[in-house]
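Trainee: Handing you a structure now.
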Amino acid sequence: MALTLGAPGTRPGAPPERPASRSRRRARERLTVLGFMAPALAGLLLFLVYPLLASAYFSFTKFDLVNPPRWVGLRNWSFLLQDPNVRVAAYNTLWLVVVMVPARMVGALSTGILLTRFRRGAGFYRTLFYLPALAPPVAATLAFVFLLKPGTGPVNTLLARLGIEGPLWFSSPHWSKPSLVLLALWGVGDLMIIFLAALLDVPQELYEAAALDGANAWQQFRAVTLPAISPVILFAAVTGVIQTLQYFTQAAVAASVASGQANSGGGISGTFGYPANSTYTYPLWLYVAGFRYGALGYANVLAVVLFVVSIVVTGILLRRFRAFLGTDR
Amino acid sequence: MTAPARPNAALLFVARHSLAIALSLIFLAPVVFLLLTSFMTDHQSLTSNLWPESWHPENYANVFAKTPMGRYLANTVLYATLATLFMLLSSVPAAYALAKLRWRGRYATLVAIVCAMMLPPQVTTVPLYLLWATWGLTGSLWPLILPMLLGDAFSIFLLRQFLVTIPDEYLDAARVDGCGEWRTLLRVVLPMAKPGVAAAAMFQFFYAWNDYYGPLLYTSENESAWTMSLGLASFRSLHAVQWNLLTAATLLTMVPIVLVFFFAQKAFVQGVTLTGVKG
């Protein structure tokens with residue numbers, strides 16, 4: 037990679053340099069940049085470029101942890117089309133993308149808007165709403181499996197006192213994914229902070245002008261707030277989809293704990309998807325195919341597909357890269 | 005303000021605070037129920053009682069006495085601390101070069117780093133696992149710690165976003181005084197960038213503390229290397245259904261995070277905002 041430093045030392049009015057010393061200085065500046073960047077560039081090559089290329093190659097081979105890769109052409113790829121598990125897993129992940137991402141965005145935006153309405157107390161409420169987002173995902177998932185225990189959990193106990201029979205939550209194939217959405221909404225605070233910062237950046241004069249024109253609250257929201265924060269909404273949508281494509285921990289832990297079956301760390305994948313594969317997400321199936329069934333070649337097919345989908349989604353963000361990076365490029 | 009608007013405003017005030025208080029209770033309720041259950045006997049924690057009939061703070065000691073949670077804690081602290089230190093060593097200089105030095109390929113490198121940051125970890129899992137297996141390091145946490153010496157995409161991006169906000173004039177002044185780029189970074193930029201560095205360090209520490217996928221992938225065969233996340237997820241099966249101990253252990257993993265957050269809330273919130281969009 038050609039590294040040239042845009043000469044921070046050359047100021048207007050500096051005496052012209054002889055070509056030889058200029059090229060020596062260039063070389064030194066290049067070395068400086070290389071010194072700063074070398075570890076990160078090596079990291080990009082070793083932990084991004086290499087695995088991507090290797091993954092593409094491995095997807096045409098058959099191997100496991102014992103046997104070395106053997107070329108099998110398109111066999112793994114044609115299996116992708118017949119694999120019933122990938123269909124279930126892709127459906128579950130798509131379900132989460134379609135429901136969980138918008139739910140989190142609406143939740144974050146509405147709590148953020150509520151916080152902008154306070155003159156006093158906003159900081160207190162902000163901290164309270166934000167704290168659950170800090171809970172380690174495993175801990176938060178355990179908390180929700182406990183809260184939503186069908187028989188004796190606090191939520192169903194309280195519902196029973198109101199005369200309502202609570203659902204089976206994490207133990208019902210119909211309620212397991214909505215339960216995961218509730219868990220995601222509990223941790224909505226990180227997104228709320230981002231929306232709140234954007235909301236507070238909207239110029240107050242725009243609201244005053246809209247109010248003078250007789251716009252009601254909803255019209256002000258549509259005509260002023262939404263356009264002003266649209267880059268943040270795009271950012272939240274893209275990162276939300278990316279996060280949901282890699283949704284692993286909560287689904288794995290909820291299934292394992294709710295199933296109540298004996299397992300240890302090594303065997304945890306045996307309970308993935310409980311109940312009735314309803315929480316089997318795409319990354320879980322990738323993990324199981326590769327590390328439980330030992331089909332490492334096929335796992336790379338799933339990885340390449342995941343890579344292509346993520347890159348397409350990220351591309352939407354990169355097209356608006358300048359807004360994403362701020363004014364200074 | 006005109007007279008009829010007043011009762012309206014008072015009503016709105018009450019309505020907003022009621023809504024905010026109701027939401028606060030909903031956000032807090034899970035932790036409250038965990039806390040109450042963590043003081044119950046193991047028998048009572050299996051019932052639908054919400055309030056402990058007798059209080060057993062010794063449950064918290066039992067988490068360490070009856071389970072290997074102490075070792076998991078030590079592993080987690082080691083992982084999170086080393087990962088954070090290594091990340092800072094490698095990522096601060098890279099972020100500086102991306103934010104404050106001009107060189108050809110800078111923009112392309114930044115795009116590559118954003119792509120690396122956005123990529124689901126599962127995409128690169130198999131080749132990386134094989135790499136660490138050939139180096140004989142699977143079964144330990146090193147495959148998660150050592151890469152931090154070669155930069156972390158998210159941290160580089162966060163630090164870069166912070167460093168671009170520092171005016172170039174300070175840097176130019178240092179350069180005119182004859183500081184090289186390293187000295188400019190260490191003496192001028194870093195002291196000004198403390199909140200950004202603190203935010204990046206906290207994010208990295210929390211990430212490692214919370215990480216489940218990485219430890220599951222590399223250490224699930226070797227229980228002596230497990231972290232708290234991994235231990236917690238396997239807790240129920242290994243120690244029967246002792247919800248009182250499990251809720252206590254769950255709360256214990258949350259405590260350090262909340263403490264760190266309260267000590268550095270401002271830097272942290274700034275960090276969250278910086279990785280969002282700058283209009």
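Residue numbers (the working numbering), protein chains in the order written: chain A, 37 to 365; chain B, 5 to 283. Don't be surprised by glycine CBs; every beta carbon is placed ideally from N, CA and C. Nothing here was measured: the structure is a model prediction, and the numbers come from that model.
1. Which term fits A:K185, buried or exposed, when burial requires 16 or more other beta carbons within 10 angstroms of its beta carbon?
2. Once you ignore the five residues that flank A:F343 on each side, which residues in its own chain have a CB closer than 8 Å to its CB?
3. Kindly indicate if chain B contains any beta-carbon less than 8 Å away from that of A:F373.
4. Sort A:R123, A:G109, A:L235 by Cα distance to A:T317 and report the nearest one.
5. Below 8 Å on the Cβ atoms is my contact criterion, and I expect B:Q126 with A:Q118 to pass it. Report the Cβ-Cβ distance as a whole number of Å.
6. Grab the span of the alpha helix (DSSP H) containing B:K198 for me, first residue to last.
7. Roughly how many whole angstroms lie between the Cα atoms of B:L163 and A:I229?
8. For chain B, is any of its Cβ atoms less than 8 Å away from the one on A:Q282?
9. In angstroms, rounded to a whole number, what distance separates the CA positions of A:A290 and A:P172?
10. Would you give the residue range spanned by the alpha helix (DSSP H) that B:K104 belongs to?
11. The alpha helix (DSSP H) spanning A:S149 covers which residue range?
12. Residues of chain A with CB under 9 Å from B:R20, in chain order?
13. Rounded C-beta distance between B:V201 and B:L92? I'm assuming under 8 Å.
14. Starting from the beta carbon of B:I160, find every residue of chain A whose beta carbon is closer than 7 Å, and list them in chain order.
15. Given a cut-off of 8 Å on the beta-carbon distance, is the pair B:A120 and B:L167 in contact?
16. Considering only the alpha carbon of each residue, which of A:G189, A:A78, A:Q279, A:L235 lies closest to A:P267?
17. List the endpoints of the continuous alpha helix (DSSP H) containing A:G157.
18. Within 8 Å of any Cβ in chain A, is that where the Cβ of B:C183 sits?
19. Exposed or buried, A:N128, counting other C-beta atoms within 10 Å across all chains shown (16 or more means buried)?
20. So, is the C-beta of A:D226 closer than 8 Å to a C-beta in chain B?
21. What are the residues in the segment 45 to 67 of chain B lying within 8 Å of chain A by C-beta distance?
22. Less than 8 Å between the CB atoms is what I'm expecting for A:V224 and A:G276, so what's the real figure, rounded?
23. Using the Cα positions of B:A271 and A:L232, report the straight-line distance between them to the nearest angstrom.
24. Relative to the C-alpha of A:P104, which residue among B:T138, B:L255, B:A253 is closest?
25. Consult DSSP for B:W186 and reduce its assignment to one of helix, strand or coil.
26. Around the C-beta of B:W55, are 16 or more other C-beta atoms found within 10 angstroms, so that it is buried, or is it exposed?
27. Going along the chain, which residues of its own chain have a beta-carbon closer than 7 Å to the beta-carbon of A:L221, five neighbours each way excluded?
28. Could you list which residues in chain B have their beta carbon closer than 7 Å to that of A:P168, in chain order?
29. Would A:Y19 be called buried (16 or more neighbouring beta carbons within 10 Å of its own) or exposed?
30. Going by DSSP in three states, A:A298 sits in which element: helix, strand or coil?
31. Below 7 Å CB to CB, which residues in the same chain sit around A:Y334 once its five sequence neighbours on both sides are set aside?
32. Given this structure, state the Cα-to-Cα distance separating A:R60 from A:G71, to the nearest angstrom.
33. Tell me, please, whether the CB atom of B:P8 is closer than 8 Å to any CB atom in chain A?
34. Residues of chain B with CB under 7 Å from A:V174, in chain order?
35. Taking Cβ-Cβ distances shorter than 7 Å, what residues in chain B pair up with A:A90?
36. Just the C-alpha distance for B:N214 and A:A158, rounded to the nearest angstrom, thanks.
Mentor: The short version:
1. For the purposes of this step, residue 185 of chain A is identified with residue 149 of the first sequence, where counting begins at 1. Under this definition A:K185 is a buried residue.
2. Taking the first sequence and counting its residues from 1, one reaches residue 343 of chain A at position 307. These residues qualify, in order along the chain: L88, S91.
3. No answer is possible for residue 373 of chain A: it lies beyond the span of chain A, which begins at 37 and ends at 365.
4. Locating residue 317 of chain A in the first sequence gives position 281, where the first residue counts as 1. Taking only the C-alpha atoms, the option nearest A:T317 is A:R123.
5. Looking up residue 126 of chain B in the second sequence gives position 122. Looking up residue 118 of chain A in the first sequence gives position 82. The pair is not a contact, with the Cβ atoms about 22 Å apart (cut-off 8 Å).
6. Indexing the second sequence from 1 puts residue 198 of chain B at position 194. Residues 198 to 214.
7. Translated into positions along the second sequence, residue 163 of chain B becomes position 159. Translated into positions along the first sequence, residue 229 of chain A becomes position 193. About 18 Å.
8. Start at 1 with the first residue of the first sequence, and residue 282 of chain A comes out as number 246. At least one chain B Cβ lies under 8 Å of A:Q282.
9. As a first step, residue 290 of chain A must be located in the first sequence, where it is residue number 254. As a first step, residue 172 of chain A must be located in the first sequence, where it is residue number 136. Roughly 14 Å between the two C-alpha positions.
10. Residue 104 of chain B sits at position 100 when you count from the first residue of the second sequence. It spans 73 to 104 - the alpha helix (DSSP H) in which B:K104 sits, taken as one unbroken run.
11. Position 113 of the first sequence, counted from the first residue, corresponds to residue 149 of chain A. The residue asked about is misnamed: residue 149 of chain A is Ile in this sequence, not Ser. First-last of the alpha helix (DSSP H) with A:I149: 120 to 152.
12. Within the second sequence, numbered from 1, the residue matching residue 20 of chain B stands at position 16. Ordered by position in chain A, the residues that pass the 9 Å Cβ test against B:R20 are L150, R153, F154.
13. Start at 1 with the first residue of the second sequence, and residue 201 of chain B comes out as number 197. Start at 1 with the first residue of the second sequence, and residue 92 of chain B comes out as number 88. That pair is a contact at about 7 Å.
14. Numbered from its first residue, the second sequence carries residue 160 of chain B at position 156. In chain order: A76.
15. In the second sequence, the residue the question calls residue 120 of chain B occupies position 116. In the second sequence, the residue the question calls residue 167 of chain B occupies position 163. Going by C-beta atoms, B:A120 is not nearer than 8 Å to B:L167.
16. In the first sequence, the residue the question calls residue 267 of chain A occupies position 231. Of A:G189, A:A78, A:Q279, A:L235, the residue nearest in Cα terms is A:L235.
17. Counting from 1 along the first sequence, the entry for residue 157 of chain A is found at position 121. Unbroken run through A:G157: none, as it is neither H nor E.
18. Residue 183 of chain B sits at position 179 when you count from the first residue of the second sequence. False, the Cβ-Cβ gap to chain A never drops below 8 Å.
19. Locating residue 128 of chain A in the first sequence gives position 92, where the first residue counts as 1. Classification of A:N128: buried, given that the 10 Å Cβ count is 16 or more.
20. As a working mapping, residue 226 of chain A is identified with position 190 in the first sequence. For A:D226, the answer is yes, since a Cβ of chain B falls inside 8 Å of its Cβ.
21. L50, T51, S52, L54
22. Here the question's residue 224 of chain A lines up with position 188 in the first sequence. Here the question's residue 276 of chain A lines up with position 240 in the first sequence. About 11 Å separates the two Cβ atoms, so there is no contact after all.
23. Looking up residue 271 of chain B in the second sequence gives position 267. Looking up residue 232 of chain A in the first sequence gives position 196. B:A271 and A:L232: Cα-Cα distance of roughly 16 Å.
24. Taking the first residue of the first sequence as 1, we reach residue 104 of chain A at position 68. Answer by Cα proximity: B:T138.
25. Taking the first residue of the second sequence as 1, we reach residue 186 of chain B at position 182. Here B:W186 sits in helix by DSSP.
26. One-based indexing of the second sequence puts residue 55 of chain B at position 51. B:W55 should be labelled exposed.
27. Taking the first sequence and counting its residues from 1, the one referred to as residue 221 of chain A is at position 185. The answer, listed in chain order, is A139, R140, G143.
28. Counting from one through the first sequence, the residue named residue 168 of chain A turns up at place 132. F31, listed in chain order.
29. Since the first residue of chain A shown is 37 and the last is 365, residue 19 of chain A is not available in this structure.
30. Counting from 1 along the first sequence, the entry for residue 298 of chain A is found at position 262. Model confidence at A:A298 stands at a pLDDT of 49, short of 50, so the residue's coordinates are unreliable and nothing is read from them.
31. Working through the first sequence from its first residue, we reach residue 334 of chain A at position 298. Here the set comprises N112, F115, A325.
32. Within the first sequence, numbered from 1, the residue matching residue 60 of chain A stands at position 24. Within the first sequence, numbered from 1, the residue matching residue 71 of chain A stands at position 35. Roughly 17 Å between the two C-alpha positions.
33. Your numbering for residue 8 of chain B matches position 4 in the second sequence. Only weak support exists for where B:P8 lies, its pLDDT of 49 falling under 50; the value from the coordinates is given anyway. Chain A, which has no Cβ nearer than 8 Å to the Cβ of B:P8, makes this no.
34. Walking along the first sequence from the start, residue 174 of chain A turns up at place 138. What A:V174 touches in chain B: Y216, S233, L236, A237.
35. The residue labelled residue 90 of chain A in the question sits at position 54 within the first sequence. Those are P131, listed as they occur along chain B.
36. One-based indexing of the second sequence puts residue 214 of chain B at position 210. One-based indexing of the first sequence puts residue 158 of chain A at position 122. Between B:N214 and A:A158, the C-alpha separation is close to 28 Å.
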